[in-house]
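Q:
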Amino acid sequence: MADNNAHTMVAAMWSVNILALLFIISRIFSKWKFGKPISTDDHILVLSWITLTVYTAIIHVATIYGLGYRYVNIAPNDFPYAMKYMTFGNFFAILALQTSKTSFAVTLLRVVTKTWQTWALWAIIITNNTVLGADAIVSIASCNPIAKRWRFELPGKCVPMSDVINFSVFCGIYSGVMDITLAAFPIVLLQPLQMKRKEKIGICVSMSLGLFAGITAFIKSSYLLWLLKWTDQMCKCSPQNKAIVLTVV
């Protein structure tokens, strides 16, 4: 059997994807059971899961063409297809990150009580969508024509890969900082409320899991920094793809 990370990567990504679906179903079912309306943040969350699923499916297809395998084990005719699907997969991965953060920020908008908190959340929503939107565009449109990203022999020009990666690292770090900032909001909101200490801690923990998303975003960015130094990028990209899925969830 060829030495590869493809099977582990696919299994991990689909497992976490299903876990995210179960969370969304339980959330919507709970609202329906208690007579609460489905809100804008729920719709955005579903959109985030859809883009995550598209990303996972595309990366799954990419593994069929060699993603996760060592270069020596990838057929020359398959390599461009692996690169193509990985490129489009990364585009949807960024959209999933973008919408998942937006969903949580919109949720917080419904419960904040102070003007500065509202302004801060809107600033996060706008800058988050601007930065990650630009990252999504750069990830797929850094070559003219776009196909030159996976068909190196085509005539045209590409933005140097080092520049693309450096920009993605910046966006990843920004994304992580926003995750941690959003995770801190529930603590600020609950601090003045008259509640039992255990209840406060429970709610803060459940609503501040974005802290782990921030940490995962930093890990993903660190893998990007090493990307140009790796001699076998197709095989070693597995941790990065799994980190992206964990960040979205």
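Residues in the sequence shown are numbered consecutively from 6, following the working numbering. In this text, a Cβ means the ideal position worked out from N, Cα and C, and glycines have one as well.
Specify, as a first and last residue, the run of the alpha helix (DSSP H) that A11 falls within.
A: 11 to 38 is the extent of the alpha helix (DSSP H) around A11.
Q: Under the DSSP definition of a beta bridge, which residues are partnered with K162?
A: Beta-bridge pairing links K162 to N149.
Q: Do the CB positions of G161 and T221 come within less than 9 Å of each other?
A: No, the pair does not count as a contact, with Cβ atoms beyond the cut-off.
Q: Quick check: what's the CA-CA separation for S227 versus N171?
A: If you take the alpha carbons of S227 and N171, they lie about 11 Å apart.
Q: Going by the DSSP bridge assignment, what does Y74 pair with across the sheet?
A: For Y74, which the question treats as bridged, DSSP gives the partners N9.
Q: Whole angstroms are fine: how far does the CA of F28 sit from the CA of V21?
A: One C-alpha to the other measures close to 11 Å.
Q: Does the Cβ-Cβ distance between A146 and C176 come in under 9 Å?
A: It is not a contact, given that the beta carbons lie outside the stated cut-off.
Q: What does the alpha-carbon distance come out to for the pair L126 and A80?
A: One C-alpha to the other measures close to 48 Å.
Q: Does DSSP put F157 in a helix, in a strand, or in coil?
A: Three-state result, F157: coil.
Q: The alpha helix (DSSP H) spanning T107 covers which residue range?
A: Residues 84 to 114.
Q: Assuming the contact rule is C-beta atoms closer than 8 Å, A62 and A87 should be a hit. Round their C-beta distance to whole Å, please.
A: With a Cβ gap of about 15 Å, A62 and A87 do not count as contacting.
Q: Alpha helix (DSSP H) containing I63: first to last residue?
A: Its alpha helix (DSSP H) spans residues 45 to 69.
Q: When you compare only the Cα positions, how much space is there between A17 and A11?
A: Roughly 10 Å separates the two Cα atoms.
Q: Note down the Cα distance separating G94 from L100, rounded to an integer number of angstroms.
A: Each residue's Cα considered, the two are about 10 Å apart.
Q: Only counting the same chain, and skipping five residues up and downstream in sequence, which positions put a Cβ closer than 6 Å to that of V15?
A: Answer for V15: H65, T68, listed in chain order.
Q: Compute the Euclidean distance between the alpha carbons of V117 and R32, then round it to the nearest angstrom.
A: Cα-Cα distance, rounded: 20 Å.
Q: Is it the case that the Cβ atoms of F97 and L159 are separated by a distance below 9 Å?
A: No, they are not a contact pair.
Q: Helix, strand or coil: which one does DSSP assign to A248?
A: Only weak support exists for where A248 lies, its pLDDT of 46 falling under 50; the value from the coordinates is given anyway. Three-state result, A248: helix.
Q: How big is the Cα-Cα spacing for V253 and I130?
A: Confidence at V253 is low in this model, with a pLDDT of 48, below 50, so its placement is unreliable and no value can be given for it.
Q: Quick one: residues in its chain with C-beta nearer than 8 Å to the C-beta of R115, no 5 flanking neighbours on either side, listed in chain order?
A: S44, D46.
Q: Nearest by alpha-carbon distance to F84: which of R75, G40, Y70, A128 is it?
A: Comparing Cα-Cα distances from F84 to each of R75, G40, Y70, A128, the minimum goes to Y70.
Q: Considering only C-alpha positions, which residue in the set W54, I49, N9, K36 is nearest to L24?
A: Minimum Cα distance to L24 is reached at W54.
Q: Please name the residue, chosen from A188, V174, K106, that lies closest to I224 on a Cα-to-Cα basis.
A: The shortest C-alpha separation from I224 is found at V174.
Q: Determine the burial state of S108: buried for a count of at least 16 other Cβ atoms within 10 Å of its Cβ, exposed for fewer.
A: When all chains shown are included, S108 counts as buried.
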